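Residue numbers (this note's numbering): 717 to 950.
Idealized CB from N, CA, C, for every residue including glycine.
Keep in mind the model is a prediction, meaning the values are calculated, not measured.
Presented below is the structure to which this report refers.
Have a look at this one:
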């Protein structure tokens, strides 16, 4: 049997989100990924594995602006008709960035909970938080590290506690260079979980979440100066 060895050389489409040069570029990359999610959801596609590793930055355009791109749809699901939209599927995702409701379902062994666009959006929220507390640092804060625990109960309890005591546990852990992102983090927390407690649910009209979230990102991007540089990690 004759065998042929083939090599394929590809040019990278972009670079990892953690190589963001400025705070604005980092925030913009996540905002663009959310816009990409919206486009997917309009076609009834749930990504199912939004994480920092699945958002990349394009090369600068003629204006010197980079854009965020959402990649890796290996865990995505397509719901082609109304009946299929209601079918339960196995829960997927990267533990650190998974929506709290999904983690609770896993801990309770209710693994057939239907994943929705809202869970993808919540994952973007965690991408922002993790970046703001760890970018360029030697390590991730211990309480955030617990979000990746192999024990599902630990993941749930830690993330739930951090969200309930958001200012003390999350906002106060932001690195100095992300001072201008604190208001955005607060706004996203309110939009996703409500003013009090921790509310869940996926509104039938996704614009109820998408519109204020994208607006909050846009407002922050306008305020951020491109001169706030980030430590480079390669």
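**Study point:** residue 784, DSSP secondary structure in three states
**Key:** strand
Review point. With 16 other CB atoms within 10 Å as the buried threshold, where does residue 817 fall?
Key: Per the 10 Å Cβ criterion, buried.
Practice item. Give every residue of the same chain whose Cβ lies closer than 8 Å to the Cβ of residue 904, excluding the five residues on either side of it in the sequence, and list them in chain order. Key: 841, 844, 929 and 932
Practice item. Check whether the Cβ atoms of residue 839 and residue 737 lie closer than 7 Å to each other. Key: no
Check your understanding: Contact check, residue 789 vs residue 763 under 8 Å by CB: the rounded distance?
Key -> 6 Å
Check your understanding: What's the call for residue 780, buried or exposed, on a 16-neighbour Cβ count within 10 Å?
Key -> exposed
Check your understanding: Which residues does DSSP pair with residue 731 in a beta bridge?
Key -> 773
Review point. Taking contact to mean at least 3 C-beta pairs separated by less than 8 Å, is the stretch 742-757 in contact with the stretch 864-876?
Key: Pairwise C-beta distances place the stretch 742-757 out of contact with the stretch 864-876, as fewer than three of them are shorter than 8 Å.
Check your understanding: Between the Cα of residue 877 and the Cα atoms of 899, 890 and 913, which residue gives the shortest distance?
Key -> Of the candidates 899, 890 and 913, the one whose C-alpha sits nearest the C-alpha of residue 877 is 913.
Review point. By Cβ distance, which residues of its chain are closer than 6 Å to residue 792, with the 5 residues on each side in sequence left out?
Key: 761, 763 and 764
Review point. How should residue 920 be labelled, buried or exposed, when 16 other C-beta atoms within 10 angstroms of its C-beta is the threshold for buried?
Key: Counting every other CB atom within 10 Å of its CB across the protein chains shown gives residue 920 a total below 16, marking it as exposed.
Check your understanding: Is the beta carbon of residue 947 sitting closer than 7 Å to the one on residue 852?
Key -> Contact: yes.
Review point. Among 722, 721, 782 and 720, which residue has its Cα nearest to the Cα of residue 716?
Key: In this structure the chain extends from 717 to 950, so residue 716 is not present and cannot be described.
Check your understanding: Among all the DSSP beta bridges, which residues are the ones paired with residue 793?
Key -> The partner list for residue 793 (beta bridge, DSSP) reads 762.
Check your understanding: Do you know how far the Cα of residue 740 is from the Cα of residue 925?
Key -> Spanning the two alpha carbons is a distance of roughly 22 Å.
Review point. Once you ignore the five residues that flank residue 934 on each side, which residues in its own chain have a CB closer than 8 Å to its CB?
Key: Take residue 934, set aside five residues on each side of it, and the residues of its chain with a beta-carbon closer than 8 Å to its own are 747, in chain order.
Exercise for review: Please go through the same chain and pick out, in chain order, the residues whose beta-carbon is closer than 8 Å to the beta-carbon of residue 829, but skip the five residues on each side of it.
Suggested key: 804, 807, 817, 818 and 821
**Study point:** Inter-residue Cα distance where the pair is residue 896 and residue 811
**Key:** 27 Å
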